[in-house]
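These protein sequence lines are chains E and D, in that order.
In this text, residue positions in the first sequence follow the numbering used here: the first is 2, and each later residue adds one.
In this text, residue positions in the second sequence follow the numbering used here: the first is 32, and each later residue adds one.
Using N, Cα and C, we set each Cβ at its ideal position, and we do this for glycine too.
Please read the structure below before turning to the comments.
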Amino acid sequence: MPIIVNLDVMMAKRKMSLNELSEKVGLTLANLSILKTGKAKAVRFSTLETICKVLQCQPGDILEYVDDKAH
Amino acid sequence: MKKKTHELLIIMKVLSWIAFFGLCIKTGALAITFFVSEFINPIASKNLYLGLNLSNLKQFSNLHYSAIILLLIFLTALKAYMIYLVIRIFLKLNLMNPFSTDVALLIKRISYVALATGALAMMATQYGQWLSKKGVELNGLTEFVDSGAAFLFFAGIIFIISLVFKKGIEIQTENELTV
Numbered sequence: 002m003p004i005i006v007n008l009d010v011m012m013a014k015r016k017m018s019l020n021e022l023s024e025k026v027g028l029t030l031a032n033l034s035i036l037k038t039g040k041a042k043a044v045r046f047s048t049l050e051t052i053c054k055v056l057q058c059q060p061g062d063i064l065e066y067v068d069d070k071a072h
Numbered sequence: 032m033k034k035k036t037h038e039l040l041i042i043m044k045v046l047s048w049i050a051f052f053g054l055c056i057k058t059g060a061l062a063i064t065f066f067v068s069e070f071i072n073p074i075a076s077k078n079l080y081l082g083l084n085l086s087n088l089k090q091f092s093n094l095h096y097s098a099i100i101l102l103l104i105f106l107t108a109l110k111a112y113m114i115y116l117v118i119r120i121f122l123k124l125n126l127m128n129p130f131s132t133d134v135a136l137l138i139k140r141i142s143y144v145a146l147a148t149g150a151l152a153m154m155a156t157q158y159g160q161w162l163s164k165k166g167v168e169l170n171g172l173t174e175f176v177d178s179g180a181a182f183l184f185f186a187g188i189i190f191i192i193s194l195v196f197k198k199g200i201e202i203q204t205e206n207e208l209t210v
């Protein structure tokens, strides 16, 4: 998939565990896992907003576009 | 509203089971009376099931008599199978996530069985009319063989529903993977 989710990178930078992020964002561990492993088909703006607020980052820090050919 | 839906589903499940048992009994009764009329006592052909009298047909031709009865047995068995598939849908249906591959397959199967039932019913009606033109009295057959056109229409509607359901599965899967 061309969109890569770099959630684990940001979590490592902020020294935050998945459990902690799940509690602060209000998403279940299962849903966060879906997002982290790149299995998500879509992300709501509200979810992206909350993640960025908690991790104190920009959407571009979490989401990255890589061309299919290059990937 | 949720409670009402749940109660309605229970009532429908019970009615489906009753219809299924009724059709199984009908199929079995027809099969048994046919067997009795063929191998034990031909008088059984005078009342095969709830007034169905094909004794004239039996005298006219045993081959046509057997063909009509087997057609009726198969038709009733198909209807019983259709109700069985409906019961299986009730057992598999989960209202929290209703769009599943299993249910979609069952709906598709119901449409195919309905199509076969409709075609067979029309065939039985035409066969009965052809025999009547030959001068054979078929008492109770017309009431016994349901309208094939209704089943064909039902098959068409169910097929369209199965296509919509398939789309529903795609939308539900996408929704499940939306965070």
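Check, Outcome
"Against chain D, which members of the region 41 to 53 of chain E pass a CB distance test of less than 8 Å?", "Ala41, Lys42, Ala43, Val44, Arg45, Thr48"
"Excluding the 5 residues preceding and the 5 following Ala147 of chain D in the sequence, name in chain order all residues of the same chain whose CB lies nearer than 7 Å to its CB.", "Leu109"
"At which residues does the beta strand (DSSP E) containing Val6 of chain E begin and terminate?", "4 to 6"
"Using only the alpha-carbon positions, how far apart do Leu88 of chain D and Ala135 of chain D sit?", "43 Å"
"Find the residues of chain E that neighbour Glu205 of chain D, judging by a C-beta separation of less than 9 Å, and give them in chain order.", "Lys42, Ala43"
"If you draw a straight line from the C-alpha of Lys54 of chain E to the C-alpha of Leu183 of chain D, how long is it?", "58 Å"
"Inspect the beta-carbon positions of Leu151 of chain D and Leu102 of chain D and report whether they are closer than 8 Å.", "yes"
"Taking the C-alpha atoms as reference points, what is the distance between Ile63 of chain D and Met127 of chain D?", "44 Å"
"Counting only C-beta atoms, is Thr209 of chain D closer than 8 Å to chain E at any point?", "yes"
"Do Leu99 of chain D and Leu85 of chain D have their C-beta atoms closer together than 8 Å?", "Checking the sequence shown, residue 99 of chain D turns out to be Ile, not Leu. The answer is yes: Cβ separation under 8 Å."
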